[in-house]
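Here the sequence shown is numbered in our numbering, starting from 296 and rising by one per residue. In what follows, a structure is listed as structure tokens, so that the remarks can point back to it.
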Amino acid sequence: MSDQILTLHVGPSQLLSKLCDEIELEKTINDLVKWDSVRCHLSPGTRIKALVLNILCSGKPLYKVHEFYQTLDSEMLFDTSISPDQLNDDALGRALDYLHEAEAWKVYSTLALKALKRLNLPIGVLHNDTTSISVYGEYKQPKEDGLQITYGYSKAHRPDLKQIVLGMGVTPERIPILAKVENGNISDKSWNVEFIQKMRKILSNEDWKNLIYQADSALITTENLAEIQQQKLSFISRLPDTFGLSTELKKEAWSLNNWEMVGSLSDKKDAAIYQIQAFERQIKDLPYRFLVVHSNILDQRKEKTLNRAIEKEETKLKKEIEKLSKVPFHCKEDALEAIQAFKKKQKTSYFCYELNVQMSDQPVKRKKRGRPKKDEQTKREQVYQIQLESFKKDRDFIEKKKKKLSTFVLITNKLDEETLSNQEVLKIYKGQSAAETRFRLIKDSQMIDAIYLKTPERVEALGIVYVMALLIYGILEYRVRKELKERNLSLILKGKRKLHQPTGQALLEQLEDITVILINQNQQKIRLLPDNIDSQAKKIIELCGYDLSIYVSKNVENQGK
């Protein structure tokens, strides 16, 4: 019998599989969920790992996952030999059921904390935020206190679709530590309290003591501040403008004009430059440190809003002036009085204009009452009209407005500046993009499409599986960036991009062309790598602590970590 030779396009799957094994993804899931090891052909951990690899490498929906594995060497990816048909949607759906019954968020947190320990990263700052994910179809009624898939405020701008809300706590290194799928109509204000309470359950006393919880302004309500005080939690957030104290502090800061220059927090060209002033005030008899922060770059959304307001005022004002200019006045005094009345009524914020009175060049006819007599001449009379002399933007006022709009107030209960300086408070707050970046990734069409499953329980579990994929993605990205920085190296990735801090997506793209030649010979499998493996792909694998042998040999340990 002749040898059977296959070329398998394995891409990044084997490296990602090794990263899953490092943090014991399969074992952790199998240890925490209830399942029958005798009757189950595949463990829940194996099936969940199969989902994670599919999410990162192909993004195929549940009913097509088996197609993804038809072109892979599954024996190299899992602890047991499996066929693609075993990864059908029913088998994967049952694995999601097991995960949900074990409280998926708790399973994930156990896994994430294990990963953090493996990476030797402490829990210090966590950036916390939520996003909405749209879903299609009708769902069975959830069990009591189950997930409510319903309409709510759509951050995906799809108010026509029902949704779930995903909340995450992410380290500055973009590693998600806690994740929870919530009802589609939950508000960020109430979400924060529930998230804090769950976080307290999974963290040790020491980790809790060192934790700084960072979230957006939805965190700051009087009720939430009371809960934070009770939980003895350190936090940093933005004081909402709904608090009168925000306006008061901004006004005082600009009056004092005693700014501490911070400079830029980024190496990027044209990055914002910040200056700050610190104050201490009380809310409900509790002391807080407040930082009034000014950025030299106005937020794009605020700038657009301001520009629209300016354009609207200009259009309206010019229209009213044009109407006024068509009104004839029979004496100059009446025209001057009309100008004063006009300025009093048409208040302007963004423009300076001058109106003057001139005698009309074309005298108007003055008609008497009744029908004119035969051959009677109509008398002509000189009149006065109002004309626009000058019209320009009040640039001083607009600049002051921009300054106020580009000023915001931070709040923290970390009062000791020696422990946490003003600049560090600002830097931690601006790190919120760590969570936002992960949300953008999970909602990318290659990572997640609109979810459609049979039950709310499976939707909830699948949401956590996507976060597991983000965990592996984050480990890959962190490892490579850390090694590049320590070795003062860079990567030349597709498109001839020289990168010192490549994204996980760029790394996966560079690995996607890796192939393996599989030879079935005398009931044995021989795996060979072609000679033309991309040098940058080799480098990425090496930066993660492995080499190309992971694609041809199962018994490969992580060498450098």
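Using N, Cα and C, we set each Cβ at its ideal position, and we do this for glycine too. Being a predicted model, the structure only gives us computed values, none of them experimental.
Rounded to whole angstroms, Pro467 and Leu408 show a C-alpha spacing of 15 Å.
Arg413 is a Cβ neighbour of Ile318, given a cutoff of 7 Å. Taken through DSSP and simplified to helix, strand or coil, His304 comes out as strand.
With respect to the 7 Å criterion, Val587 and Lys545 are classified as neighbours on the basis of their beta carbons. For Asn553, there is no enclosing alpha helix (DSSP H), as DSSP marks it with neither H nor E. In this structure the stretch 565 to 575 lies against the stretch 590 to 597, because at least three pairs of beta carbons, one per stretch, are closer than 8 Å.
The alpha carbon of Ser512 has as its nearest neighbour, out of Leu601, Asp424, Asp380 and Leu794, the alpha carbon of Asp424.
Here Ser644 carries a coil assignment [DSSP, helix/strand/coil]. Around the Cβ of Asp580, a 10 Å sphere holds fewer than 16 other Cβ atoms; the residue is exposed. Linking Met763 to Asn349 through their CA atoms gives a straight-line distance of about 12 Å. Annotated three-state conformation of Lys435 is coil, per DSSP.
DSSP, reduced to helix, strand and coil, places Arg453 outside both helices and strands of the structure shown, so it counts as coil. Taken in chain order, the stretch 310 to 380 contains no complete beta strand (DSSP E) segment of 3 residues or longer.
The count of Cβ pairs closer than 8 Å, one atom from the stretch 302 to 309 and one from the stretch 357 to 367, reaches three, so the stretches are in contact. Taking 7 Å as the cut-off, the beta carbon of Arg753 is found closer than this to the beta carbon of Leu391. When only Cα atoms are considered, Thr707 and Asn553 end up about 20 Å apart. Of the residues Leu506, Leu802, Asn783 and Arg782, the one whose Cα lies closest to the Cα of Gly790 is Leu802. Beta-bridge analysis with DSSP links Tyr583 to Arg576.
The beta-bridge partner set that DSSP reports for Glu649 consists of Ser685. Close CB contacts of Leu631 within its chain, under the 7 Å cut and outside five residues either way in sequence, are with Val652 (chain order). For Pro471, the uninterrupted beta strand (DSSP E) segment begins and ends at Pro471 to Glu477. In its chain, beyond the 5 residues on either side, Lys545 and His589 have a beta carbon closer than 6 Å to the beta carbon of Thr702.
If you draw a straight line from the Cα of Lys642 to the Cα of Arg596, it is about 25 Å long. Between Asn480 and Tyr446, the beta carbon gap of about 7 Å places them in contact (Cβ cut-off 8 Å). Under the DSSP assignment, Phe703 falls in the beta strand (DSSP E) whose first and last residues are Thr702 to Thr707. Beta-bridge partners of Tyr679 (DSSP): Phe624 and Met654. With contact defined as three or more Cβ pairs closer than 8 Å, the stretch 529 to 544 and the stretch 498 to 515 are in contact. In the DSSP assignment, the residues bridged to Lys793 are Ile787. Residue environment: Pro751 is assigned as buried (16 or more neighbouring CB atoms within 10 Å of its CB, all protein chains considered).
Between Phe624 and Tyr648, the C-beta gap is not smaller than 7 Å, which leaves the two residues out of contact. Judged by DSSP secondary structure, Phe530 falls within the beta strand (DSSP E) whose first and last residues are Ser529 to Arg533. Lys639 and Lys613 have their alpha carbons spaced roughly 15 Å apart. Three or more Cβ pairs drawn from the stretch 795 to 812 and the stretch 777 to 786 lie within less than 8 Å of each other, which places the two stretches in contact. The stretch 759 to 842 is shown to contain whole alpha helix (DSSP H) runs of 4 or more residues at 799 to 806 and 830 to 838, in chain order. Under the DSSP assignment, Val488 falls in the alpha helix (DSSP H) whose first and last residues are Asp483 to Ile497. The stretch 614 to 621 and the stretch 715 to 732 do not touch, with fewer than 3 CB-CB distances between them shorter than 8 Å.
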